[in-house]
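**Q** Mapping to full-length UniProt numbering: the sequence shown position 211 is 211, numbers consecutive.
Every residue gets a Cβ at the ideal spot worked out from N, C-alpha and C, and that includes glycine.
Take a look at the following structure, please.
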Amino acid sequence: MIKRDIYLQRLIKRIGNGRAKIITGIRRCGKSYLLFTLFKNHLLSSGVDKDHIIAIALDDDENEHLLDRHALGLELRSRIKDDKPYYVFLDEIQNVEGFEMVINGLLRKPNVDVYVSGSNSRFLSSDIITEFRGRGDEIRVRPLSFGEIRPLYDSDDAAWDEYFNYGGLPSIYAERMDDEQKVFFLEYVTKTIYIKDIVERCKLKDDKGISNVLDILSSATGSLTNPSKLANTFKSRGQKRITDKTISNYLRFIEDAYMVERVQRYDIKGKDYIESPYKFYFSDIGVRNSRINFRQVEETHIMENIIYNELKTRGYLVDIGIVGHKDKTDDGIYRKRQYEVDFIANLAGKRYYIQSALSLLDEEKLKQELRPLSMIRDSFGKIVITRDRIRPRHTENGILVINLFDFLLNADALEI
């Protein structure tokens, strides 16, 4: 059993805070297990009576009659029989039209603590947040992290080989699949659950356009892009032309399903965001690999994606950094260039500038990775994460260089 302690603790800290705990994340990432098993077991072990935990899965055909909000409200009220605390779990709540009225009704009861989950941002739209009037509290759940699957393997390298190929969807590890089954599972989940869900929810004619956009994003993980660039890619591949507006809609649909995340660039010296282009990272690297039939499994880009996911799992707000600098050319003229910092990670007053580098054994590569960090004049932490097996060390400029596994397995590694 994988404990998912980081998310369990986030739920525990929010018990009785008077807001609806909204558990979000890509389908099959373990939201239901977190809520219906781990959190429920915690409540029971804390002395909560079993009949004071009301758990309803709204994607179960046995509960189809409760997809009507009036029927759901009646069912819940009938099960709240005294003034003791009740804990209401509603899984896949977006399947109920007008569910926000049910939730707001529950929140008016002083002895009811509400937990809802869903697999798309439909129920986090601005209109629904307005309905909650500040009474919603989101907990984003992600696929398993490297640290969560590491105890299942004999070595870091064995765990890494599995993780960077197949990602962190819990079923892969809970069901002990062989490689063939993992490939089939990822293809099945992506096509018949994720893509099908988008097509049905967004009322698309077919899955061709959305599938093509997803494939292009998969083959260009971590590359700067925007709708215009993607439209040109379609054209260069001889595919049917798709307008920038249509591509923008497709990107939003894919983001709403929590399959990818858009990351903006931030001008560190100018202290301003750059609207376009931007990058996309996949919530699960196994899903990304399956879309390209495991052909482009480049460790460099996958490592960058996994570092991004780890930072987000730990609660950081993450941007891509841009540092402008005037370089002297061979002809003696100074020209301004932009250097990229892979990630700017912010959390509770802390900030880290982070570079991802597969290997630093080449001296030129080391200089290349260190240069953008050395141009940043503030006092926040500057770090290079490498796959090389090295002990943590600081450069002459105070830049921390650490091993990838030290970072992934130690929540305090950035503080060294």
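Do LEU251 and VAL297 have their CB atoms nearer than 8 Å?
**A** Numbered from 1 along the sequence shown, position 251 holds the residue referred to as residue 251. Numbered from 1 along the sequence shown, position 297 holds the residue referred to as residue 297. No, the Cβ-Cβ distance between LEU251 and VAL297 is not below 8 Å.
**Q** Could you tell me which residues DSSP pairs with ALA57 in its beta bridges?
**A** Locating residue 57 in the sequence shown gives position 57, where the first residue counts as 1. ALA57 is bridged to ASP91.
**Q** Note down, in chain order, each residue of its chain lying with its Cβ closer than 6 Å to the Cβ of ASP207, except the 5 sequence neighbours on either side.
**A** Position 207 of the sequence shown, counted from the start, is the residue given in the question as residue 207. Cβ contact annotation for ASP207 (same chain, cutoff 6 Å, sequence separation greater than five): ILE195, VAL199, in chain order.
**Q** Measuring CA to CA, which of LEU186, GLU363, PHE164 is closest to THR300?
**A** Position 300 of the sequence shown, counted from the start, is the residue given in the question as residue 300. Nearest C-alpha to THR300: PHE164.
**Q** Can you name the residues that DSSP bridges to GLY349?
**A** In the sequence shown, residue 349 corresponds to position 349, counting from 1. DSSP lists no partner for GLY349.
**Q** Would you report the Cα separation of ILE274 and ASP82, rounded to the nearest angstrom?
**A** By one-based count along the sequence shown, residue 274 stands at place 274. By one-based count along the sequence shown, residue 82 stands at place 82. Approximately 54 Å between the Cα atoms of the pair.
**Q** Compare the beta carbon distance of ILE172 and TYR115 with 8 Å and say whether it is the shorter of the two.
**A** Numbered from 1 along the sequence shown, position 172 holds the residue referred to as residue 172. Numbered from 1 along the sequence shown, position 115 holds the residue referred to as residue 115. No, the pair does not count as a contact, with Cβ atoms beyond the cut-off.
**Q** Once DSSP output is grouped into helix, strand and coil, what is the label at ASP48?
**A** Locating residue 48 in the sequence shown gives position 48, counting from the first residue. The identity of residue 48 in the sequence shown is Val, whereas the question assumes Asp. Three-state result, VAL48: coil.
**Q** Which partner residues of TYR339 appear in the DSSP bridge assignment?
**A** As a first step, residue 339 is located in the sequence shown; it is residue number 339 there, counting from the start. Note: TYR339 sits in a beta bridge opposite VAL323.
**Q** So with Cβ pairs under 8 Å, would you call ALA348 a contact of chain D?
**A** Looking for chain D here will not work: only one protein chain is present.
**Q** Please report how far the alpha carbon of ASP91 lies from the alpha carbon of PHE99, in whole angstroms.
**A** Position 91 of the sequence shown holds residue 91. Position 99 of the sequence shown holds residue 99. Taking the straight line from one Cα to the other gives about 12 Å.
**Q** If we ignore side chains and look at the alpha-carbon of each, how far apart do residue 468 and LEU366 end up?
**A** Absent from the model: residue 468. The displayed extent of the chain is 1 to 416, so no value can be given.
**Q** Which value, in whole angstroms, describes the spacing of the CA atoms of THR395 and GLU364?
**A** As a working note, residue 395 is residue 395 in the sequence shown. As a working note, residue 364 is residue 364 in the sequence shown. Roughly 15 Å between the two C-alpha positions.
**Q** From the DSSP output, read off the bridge partner residues of THR24.
**A** Taking the sequence shown and counting its residues from 1, the one referred to as residue 24 is at position 24. THR24 is bridged to ARG140.
**Q** Okay, do the stretch 143-158 and the stretch 398-411 touch, 3+ Cβ pairs below 8 Å being the bar?
**A** By the Cβ test, the stretch 143-158 is in contact with the stretch 398-411, since at least three Cβ pairs between them sit closer than 8 Å.
**Q** Contact between the stretch 371-380 and the stretch 353-360: three or more CB pairs below 8 Å?
**A** Touching, yes, given that three or more Cβ pairs across the two stretches are closer than 8 Å.
**Q** Using 8 Å as the threshold, is the C-beta distance between LEU409 and VAL384 below it?
**A** Counting from 1 along the sequence shown, the entry for residue 409 is found at position 409. Counting from 1 along the sequence shown, the entry for residue 384 is found at position 384. For LEU409 and VAL384, no; Cβs fall outside 8 Å.
**Q** Can you grab the Cα-Cα spacing for the pair ASN346 / THR313, in whole Å?
**A** Here residue 346 refers to the residue found at position 346 of the sequence shown. Here residue 313 refers to the residue found at position 313 of the sequence shown. Looking at the two C-alpha atoms, the distance is approximately 13 Å.
**Q** Flag this pair as touching only if the stretch 316-323 and the stretch 262-280 have three or more C-beta atom pairs under 8 Å; answer yes or no.
**A** yes
**Q** Given a cut-off of 8 Å on the beta-carbon distance, is the pair ILE139 and TYR281 in contact?
**A** The count along the sequence shown starts at 1 and reaches residue 139 at position 139. The count along the sequence shown starts at 1 and reaches residue 281 at position 281. No.
**Q** With DSSP as the reference, identify every bridge partner of GLY381, one or two as the case may be.
**A** Mapped onto the sequence shown, residue 381 falls at position 381. DSSP lists TYR352 as partners of GLY381.
**Q** Which parts of the stretch 356-380 are runs of the alpha helix (DSSP H), unbroken and 4 residues or longer, counting only runs that do not cross its ends?
**A** 363-374
**Q** Take LYS13 as the anchor and find which of VAL96, ASP49, ASN104, ASP137 has the nearest alpha-carbon.
**A** Numbered from 1 along the sequence shown, position 13 holds the residue referred to as residue 13. LYS13 has its Cα closest to that of ASP137, out of VAL96, ASP49, ASN104, ASP137.
**Q** According to DSSP, what are the bridge partners of ILE274?
**A** For the purposes of this step, residue 274 is taken as the residue at position 274 of the sequence shown. Beta-bridge pairing links ILE274 to ARG265.
**Q** Measure the beta-carbon distance from GLY78 to ALA57 and round it to whole angstroms, keeping in mind my assumption that it falls under 8 Å.
**A** Here the question's residue 78 lines up with position 78 in the sequence shown. Here the question's residue 57 lines up with position 57 in the sequence shown. Looking at the sequence provided, one finds Ser at residue 78 rather than Gly. Not really, about 18 Å apart at Cβ, beyond 8 Å.
**Q** Between GLY209 and THR233, how many whole angstroms is the CB-CB distance? I'm expecting something under 8 Å.
**A** Sequence index remark: in the sequence shown, residue 209 carries index 209 (1-based). Sequence index remark: in the sequence shown, residue 233 carries index 233 (1-based). Distance from GLY209 to THR233 at the Cβ level is roughly 13 Å; contact not present, criterion being Cβ atoms closer than 8 Å.
**Q** DSSP state of ARG150, grouped into three classes?
**A** As a working note, residue 150 is residue 150 in the sequence shown. Note: ARG150 maps to helix in three-state DSSP.
**Q** Nearest to GLU97 by CA position, among ARG69, GLY73, LYS3, is which residue?
**A** As a working note, residue 97 is residue 97 in the sequence shown. Selected option, being the one with the closest Cα: ARG69.
**Q** Please say whether LEU76 and ILE54 have beta carbons closer to each other than 8 Å?
**A** One-based indexing of the sequence shown puts residue 54 at position 54. One-based indexing of the sequence shown puts residue 76 at position 76. It is a contact, given that the beta carbons lie within the stated cut-off.
**Q** In terms of residues, what are the limits of the alpha helix (DSSP H) holding VAL287?
**A** Along the sequence shown, one-based indexing puts residue 287 at 287. Unbroken alpha helix (DSSP H) run through VAL287: 285-291.
**Q** Is LYS279 helix, strand or coil when you go by DSSP?
**A** On the sequence shown, residue 279 is found 279 positions in, with the first residue counted as 1. Of the three classes helix, strand and coil, the one that applies to LYS279 here is strand, per DSSP.
**Q** Starting from HIS301, follow its DSSP beta bridges and name the residues at the other end.
**A** Within the sequence shown, the letter at position 301 stands for residue 301. In the DSSP output, where bridge partners are listed per residue, HIS301 has none listed.
**Q** Hey, quick one: how far does the alpha helix (DSSP H) through LEU35 stretch, first residue to last?
**A** For this step, residue 35 is matched to residue 35 along the sequence shown. Run containing LEU35: none; DSSP gives neither H nor E here.
**Q** For the alpha helix (DSSP H) containing ASN165, list its first residue and its last residue.
**A** As a working note, residue 165 is residue 165 in the sequence shown. Looking at the DSSP string, the run of the alpha helix (DSSP H) that includes ASN165 is 156-166.
**Q** Report the three-state DSSP secondary structure of LEU317 (helix, strand or coil).
**A** In the sequence shown, counting from the first residue as 1, residue 317 sits at position 317. In this structure, LEU317 counts as strand in the three-state DSSP scheme.
**Q** For CYS202, tell me which candidate among GLY222, LEU169, ASN249 has the shortest Cα-Cα distance.
**A** If you number the sequence shown from 1, residue 202 lands on position 202. Of the listed residues, the one whose Cα sits closest to CYS202 is ASN249.
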